[in-house]
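To start, the structure itself, in structure tokens.
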Amino acid sequence: MPRTSARELVVLGTASQVPTKRRNHNGYVLHWDDETILFDPGEGTQRQMTHAGVAASDLTRIAITHLHGDHSLGLAGVVQRISLDGSPRVVPISFPASGEQWVRNLCDSTAFHHREQLALQGLVADGTLDRLPGESGTTLTARRLDHTIEAYGYRLDEPDARSFDTTKLTEAGLSGPAVGRLQRDGVIELDGRVVRLADVTVPRPGQSMAFVMDTRSCDAAGELADGVDLLVIESTFLDTDRHLAAEYGHLTALQAAEIAAAAGVRHLVLTHFSQRYPDSGDGEFERVFEAEARKAYDGQLTIARDLDQVPVPPRR
């Protein structure tokens, strides 16, 4: 599957606790320029990556929200594939620190020749994750969610910057190498005039993405989602089963949509669906979840299916 955009989500699986005939366990790849982050590799992720055309050697980070099996059992196969393919980079793996023994067990679960280079990053509190040399200039933060075991959501933010305004450049008489010098130095003298970068540029807000899996509705979910261009969020249940969502630490489609609407999300992706809802493949499953989400959210909406490719919306 060729990439449709430099920044896009590739959905590897959309089932919650139990995979179904049409839906694999969880798994999500975020392509962000030169960065490729694998979120929550459930069972079967390695095969889904093959279907999606995502090479293990492309992965720059693995981020795990919590250590339930549908979000982590695929780690063993992915790590072995990283080793087999001889990935040249160190791949950080972030996860709740309380699950470190399970992560270590998954990374060394069977006999294989270890060539992988991993950096385990256990999360003990909300905050910004350490970035390794070679990772992009984006910021990756984690916030503690409200699930039945320790779980964290993630948010990726690109720094704000400035873009050149072609009209202002023309008015200033700038072109070619002079533009490059101005970008590098922030100021340039031209024909006795001083031109500053701010004179010929306009603000360019950074783009952002949030990944919120198993959780009840909580402040952290809304804060992670605040103003993001793309929100990937669980919607395990329909609202008729809200009591089950509360009991097992999950969201309904309506609750997820309410979080997105309150946060001003531009594109909402619902996923992590319970096997209790029949899915014949005729589109009715998606229509039911969409109808519920539309009660609260009127922005761009995707009811995720396995192997969907969802581009990050264009810049504002």
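If you count by my numbering, then the sequence shown holds residues 1 to 316, one letter each, in order. All C-beta atoms, glycine included, are put in the ideal place defined by N, C-alpha and C.
{"Query": "Take the Cβ of asparagine 317 as the centre, count every other Cβ of all protein chains shown within 10 Å, and call the residue buried at 16 or more, exposed below.", "Result": "Nothing can be reported for residue 317, as the shown portion of the chain is limited to 1 through 316."}
{"Query": "I'd like the list of long-range same chain contacts for glutamine 48, defined as Cβ closer than 8 Å, with 5 residues on each side in sequence excluded.", "Result": "Leu12, Gly13, Asn24, Gly27, Asp306, Leu307"}
{"Query": "Beta-carbon separation of threonine 139 and aspartate 157 under 7 Å?", "Result": "yes"}
{"Query": "Please state whether DSSP places phenylalanine 273 in a helix, a strand or coil.", "Result": "strand"}
{"Query": "Taking the alpha carbon of leucine 59 as the point to measure from, which residue in Gly44, Leu38, Tyr154 has its own alpha carbon closest?", "Result": "Leu38"}
{"Query": "Roughly how many whole angstroms lie between the Cα atoms of isoleucine 64 and histidine 71?", "Result": "7 Å"}
{"Query": "If I'm right that valine 195 touches leucine 224 with Cβ under 8 Å, what's the distance once you round it to whole angstroms?", "Result": "Contact doesn't hold; Cβ gap of about 40 Å is too wide."}
{"Query": "Using 10 angstroms around the beta-carbon of glutamate 100, count the other beta-carbons present and answer buried if the total reaches 16, otherwise exposed.", "Result": "exposed"}
{"Query": "Which residue or residues does DSSP assign as beta-bridge partners of isoleucine 233?", "Result": "Val212, Leu270"}
{"Query": "Can you tell me which of the three DSSP states glutamine 117 falls into?", "Result": "coil"}
{"Query": "DSSP three-state call for aspartate 157: helix, strand or coil?", "Result": "strand"}
{"Query": "Pop quiz: valine 269 and valine 228 are said to be a contact at Cβ under 8 Å. What is the actual Cβ separation, rounded to whole angstroms?", "Result": "Not quite, the Cβ-Cβ distance comes to about 11 Å (not below 8 Å), so this is no contact."}
{"Query": "In three-state terms, what does DSSP make of histidine 243?", "Result": "helix"}
{"Query": "With DSSP as the reference, label arginine 104 as helix, strand or coil.", "Result": "helix"}
{"Query": "Just reading off the alpha helix (DSSP H) that histidine 320 is part of, what are its end residues?", "Result": "With the chain covering 1 to 316 only, the question about residue 320 has no answer from this structure."}
{"Query": "Identify whether threonine 148 lies in helix, strand or coil by the three-state DSSP scheme.", "Result": "coil"}
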